[in-house]
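This report refers to the structure that appears directly beneath it.
Protein chains: 2
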Amino acid sequence: MEPVFCLEDHLCFSIYSCSRAISRMYQPVLQKLRITYPQYLVLLVLWENHECSVKQIGALLDLDSGTLTPLLKRMEGKAFLKRERSQDDERKVMVRLTQKGMAVKEKAICIPEAFIQSSNLTMDEMQNLNQAIKLLTKHVTNFRTN
Amino acid sequence: MEPVFCLEDHLCFSIYSCSRAISRMYQPVLQKLRITYPQYLVLLVLWENHECSVKQIGALLDLDSGTLTPLLKRMEGKAFLKRERSQDDERKVMVRLTQKGMAVKEKAICIPEAFIQSSNLTMDEMQNLNQAIKLLTKHVTNFRTN
DNA sequence: TACACTTTAATTGTGCACAATATAAAGGAG
DNA sequence: CTCCTTTATATTGTGCACAATTAAAGTGTA
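Those protein sequences? They're chains P and E, same order as listed. Just so you know, we're using the working numbering here: the first sequence kicks off at 1 and counts up by one. Just so you know, we're using the working numbering here: the second sequence kicks off at 147 and counts up by one.
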């Protein structure tokens, strides 16, 4: 009838909807660890790079200081990490995991595993989908509406 | 090194990230129409079904009243729609587009078009990706972490 | 009819996202 | 060494998301 405005066909909607479905699926596990999904992403970054500036975390997760500053403060409040100004460059705030922050890693191992199981995808399908979506993100990001 | 916790390989992250990238891409166009992305989704629903209960909108968009009630009030405030209690069933709030709400449709035509262009995907690729993501959403939604 | 149960919205509270602005430090150019 | 620009974070304000609770209307059944 009106294919252009059919909700069903909106890829943007299925992606938006999928993203929320995933974080709802994660919720029970994350709640046990006393973190949220975006906080889990920050931990992923810090497990890979032991010390990071706010800027670096933002670049990796594509989040700005308006999101990260309060989020990191909450995580510091729960003793997952420390925030302190860099000595060399007073503009930078360096973020570093505490023992507790490093320790959650063991308990979080089930999270990517649960997702892989729930997804019902083979590793190949998963990687292909991942590549396709990353490419889409890249195109969408670089696109400027005249 | 540690494939399980590599941010790069997290499909959940690429989906989350893509979703935000898309709504940022839409932002300039949506701002001209004085709506947000979730509000655009509500309009998509109402362009298809002229009158809807809050419940029905929520079922289609997978959003609850905690999100929809204030969102719909804002849209009512901007005269895109009317909210009123159903006569038959006083529990239901029926939502109906105003002339203005219907009229935006013409101006919004560029939104799905811009997305299709920006995505750099053929119609086939788009539909395949859409199906894949919907299937993933379904699996993730039905999955219960023991 | 009385009463438990279900359904539908609204409300409350917390935590993102993100635009816009502010502030302070760093890094030049002259 | 100044002035100017850039960079890094913080702050403010608006609008989602969503869990949890409340309240009111409908339904079923003894």
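For each residue, glycine too, the CB sits at the ideal point set by N, CA and C.
Closer than 8 Å to chain P by CB, residue i
i: M240 of chain E; result: no
i: S211 of chain E; result: no
i: S232 of chain E; result: no
i: L282 of chain E; result: yes
C-beta neighbour in chain E for residue i, strict 8 Å
i: R74 of chain P; result: no
i: H139 of chain P; result: yes
i: C190 of chain P; result: Here chain P covers residues 1 to 146 and nothing more, so residue 190 of chain P does not appear.
i: V42 of chain P; result: no
i: E48 of chain P; result: yes
i: F13 of chain P; result: yes
i: F143 of chain P; result: yes
i: F80 of chain P; result: no
Closer than 9 Å at the beta carbon, the chain E residues around residue i
i: D62 of chain P; result: S163, R166, A167
i: L68 of chain P; result: Correct list: empty, because the minimum Cβ distance to chain E is about 14 Å.
Whole-Å CB distance - residue i paired with residue j, under 8 Å assumed
i: S160 of chain E; j: K134 of chain P; result: 5 Å
i: E84 of chain P; j: M94 of chain P; result: 6 Å
i: L217 of chain E; j: V188 of chain E; result: 7 Å
Where residue i meets chain P, residues with beta-carbon distance less than 7 Å
i: V150 of chain E; result: I109, P112
i: I279 of chain E; result: S14, I15, C18
i: M248 of chain E; result: Within 7 Å Cβ-Cβ: nothing; M248 of chain E doesn't reach chain P, min ~12 Å.
Rounded C-alpha distance that separates residue i from residue j
i: Y186 of chain E; j: S119 of chain P; result: 28 Å
i: Q27 of chain P; j: I35 of chain P; result: 9 Å
i: L209 of chain E; j: Y16 of chain P; result: 12 Å
i: Q131 of chain P; j: I255 of chain E; result: 29 Å
i: A260 of chain E; j: I168 of chain E; result: 11 Å
i: M269 of chain E; j: L11 of chain P; result: 11 Å
i: P258 of chain E; j: P112 of chain P; result: 33 Å
i: T287 of chain E; j: Q117 of chain P; result: 12 Å
i: F226 of chain E; j: C6 of chain P; result: 19 Å
i: S53 of chain P; j: K73 of chain P; result: 14 Å
i: Q205 of chain E; j: K238 of chain E; result: For the record, residue 205 of chain E in the displayed sequence is Ala; it is not Gln. In a straight line, the C-alpha of A205 of chain E is about 14 Å away from that of K238 of chain E.
i: Q99 of chain P; j: L30 of chain P; result: 18 Å
i: M25 of chain P; j: C18 of chain P; result: 10 Å
i: L243 of chain E; j: W47 of chain P; result: 49 Å
i: G66 of chain P; j: L136 of chain P; result: 25 Å
i: L296 of chain E; j: G101 of chain P; result: Not covered by the structure: residue 296 of chain E. The range shown for chain E is 147 to 292.
i: N146 of chain P; j: H139 of chain P; result: With a pLDDT of only 49 at N146 of chain P, under the threshold of 50, the placement of this residue in the model should not be trusted, and no figure is reported.
i: K228 of chain E; j: L121 of chain P; result: 43 Å
i: Y37 of chain P; j: Q127 of chain P; result: 21 Å
i: D89 of chain P; j: E51 of chain P; result: 15 Å
i: L129 of chain P; j: D155 of chain E; result: 11 Å
i: L179 of chain E; j: L44 of chain P; result: 38 Å
i: E271 of chain E; j: I203 of chain E; result: 28 Å
i: E222 of chain E; j: V150 of chain E; result: 46 Å
i: N195 of chain E; j: L207 of chain E; result: 13 Å
i: F143 of chain P; j: F289 of chain E; result: 35 Å
i: K201 of chain E; j: R20 of chain P; result: 18 Å
Per-residue contacts from residue i into chain E (C-beta, under 7 Å)
i: I35 of chain P; result: Neighbours of I35 of chain P on chain E: none; closest Cβ ~14 Å, over 7 Å.
Under 9 Å by beta carbon: chain P residues contacting residue i
i: D155 of chain E; result: P112, M126, Q127, N130
Query raised in the report: Counting only runs that start and end within the region 195-224 of chain E, where is the beta strand (DSSP E) found for 3 or more residues in a row?
Result: 197-199
**Report entry** Minimum length 3: unbroken beta strand (DSSP E) runs contained in the region 89-132 of chain P
**Finding:** 93-97
Query raised in the report: Considering only residues of the region 168-198 of chain E, which uninterrupted alpha helix (DSSP H) runs meet the minimum length of 4 residues and lie entirely inside it, listed in chain order?
Result: 183-194
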